[in-house]
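Heads up, the sequence shown is in the working numbering, so the first residue is 103 and it goes up one at a time. Don't be surprised by glycine CBs; every beta carbon is placed ideally from N, CA and C. If you're wondering where the values come from, they're calculated on a predicted model, not measured in any experiment. Note sheet for the following structure.
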Amino acid sequence: MTRASLVTLQQAFDERRTIYALGNDLPVDPRAIVNIAERVLLHTPSAFNSQSSRLIVLFDEQHKQLWDITENKLRQEVGDGDFSSSKQKMDSFRAAAGTVLFYEDKEVTKSLQDKLALYADKFPIWAQQTSAMHQYAMWTELRTLEVGASLQHYNPLIDEDVAAAFSVPDHWELVAQMPFGSIVEPAGEKTYQPLNERMKVFGLND
Numbered sequence: 103m104t105r106a107s108l109v110t111l112q113q114a115f116d117e118r119r120t121i122y123a124l125g126n127d128l129p130v131d132p133r134a135i136v137n138i139a140e141r142v143l144l145h146t147p148s149a150f151n152s153q154s155s156r157l158i159v160l161f162d163e164q165h166k167q168l169w170d171i172t173e174n175k176l177r178q179e180v181g182d183g184d185f186s187s188s189k190q191k192m193d194s195f196r197a198a199a200g201t202v203l204f205y206e207d208k209e210v211t212k213s214l215q216d217k218l219a220l221y222a223d224k225f226p227i228w229a230q231q232t233s234a235m236h237q238y239a240m241w242t243e244l245r246t247l248e249v250g251a252s253l254q255h256y257n258p259l260i261d262e263d264v265a266a267a268f269s270v271p272d273h274w275e276l277v278a279q280m281p282f283g284s285i286v287e288p289a290g291e292k293t294y295q296p297l298n299e300r301m302k303v304f305g306l307n308d
């Protein structure tokens, strides 16, 4: 893919969608995904510049292993119940090219709580907001490369097994999972609520 063919950031902002039908035929070299993850970690803001977010990027067999773990844990929860819908989801995630795991470092949050007691109750909230910004930045950046993704939350069900499989430190807390890959089927049409019901503007001169 030439640089001229890449989606602009503004286009990516407008066109980023949840893509469930993902394939493993990436339109870019996998290293480009790693480069995005590095840039997201370096340049996404965080409360008090805490830089508390952590990422793990999984490809190939390790990516599939994640969704095998998730399926096994879900099967234990469902027991004898109908697993067909969950099985379809697991298969669709496994079919992707990789997954980004989003973590927050609890030691960083605890350190800030100790140093700035006045805001102690807010730091866990701000950590989640920081993670959300990293998730959105990653998602939008992937769209600039015409790579599809969705955002999943199978934590805390899978936390312990995933930590054991990928040597995750105990003080990293799993927040979200983002399978990504080639776009096999685009998302459906999106509807929008009226902006005049969602936004107010004051003090703008005509």
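Sheet register partners of residue i (DSSP bridge)
i: residue 275; result: 206
i: residue 240; result: DSSP, once it has assigned bridges, lists no residue as partnering residue 240.
i: residue 284; result: 125
i: residue 183; result: In the DSSP output, where bridge partners are listed per residue, residue 183 has none listed.
i: residue 211; result: According to DSSP, which records beta bridges pairwise, residue 211 is partnered with nothing at all.
i: residue 201; result: 160, 281
i: residue 120; result: 251
Three-state class that DSSP yields for residue i in the structure shown
i: residue 251; result: strand
i: residue 156; result: strand
i: residue 301; result: coil
i: residue 195; result: helix
i: residue 225; result: helix
i: residue 105; result: Confidence in residue 105 is poor, its pLDDT being 46 and thus under 50, which makes the residue's placement unreliable; the coordinate value appears in the next sentence. Here residue 105 sits in helix by DSSP.
i: residue 290; result: coil
i: residue 220; result: helix
Boundaries of the alpha helix (DSSP H) in which residue i is found, first to last residue
i: residue 115; result: 111 to 117
i: residue 137; result: 132 to 145
i: residue 295; result: Unbroken run through residue 295: none, as it is neither H nor E.
i: residue 148; result: Where residue 148 is concerned, there is no enclosing alpha helix (DSSP H), given that its DSSP letter is neither H nor E.
i: residue 270; result: First-last for residue 270: undefined, no H or E at that position.
i: residue 162; result: 162 to 180
Residues of its chain near residue i, where Cβ-Cβ distance is below 7 Å and the 5 sequence neighbours each way are ignored
i: residue 122; result: 194, 252
i: residue 239; result: 142, 146
i: residue 342; result: The displayed coordinates of the chain run from 103 to 308. Any statement about residue 342 would go beyond what the structure contains.
i: residue 296; result: none
i: residue 134; result: 247
i: residue 226; result: 211
Supposed close pair residue i, residue j - CB separation, criterion 8 Å
i: residue 207; j: residue 274; result: 6 Å
i: residue 159; j: residue 236; result: Their Cβ separation, rounded to whole angstroms, is 12 Å, which puts residue 159 and residue 236 out of contact at 8 Å.
i: residue 289; j: residue 120; result: 6 Å
i: residue 125; j: residue 286; result: 5 Å
i: residue 175; j: residue 196; result: Not a contact, Cβ separation roughly 15 Å.
Same chain, Cβ closer than 6 Å to residue i, five either side skipped, listed in chain order
i: residue 114; result: 242, 245, 246
i: residue 210; result: 152, 154
i: residue 172; result: 256, 260
Cβ shell of residue i (< 8 Å), same chain only, five flanking positions each side left out
i: residue 231; result: 149
i: residue 180; result: 188
i: residue 110; result: 246
i: residue 139; result: 157, 159, 202, 240
i: residue 129; result: 103, 247, 248, 249, 284
The ligand MG heavy atom lying under 7 Å from the CB of residue i
i: residue 258; result: Looking at this structure, you won't find the ligand MG or any other ligand, since it has none at all.
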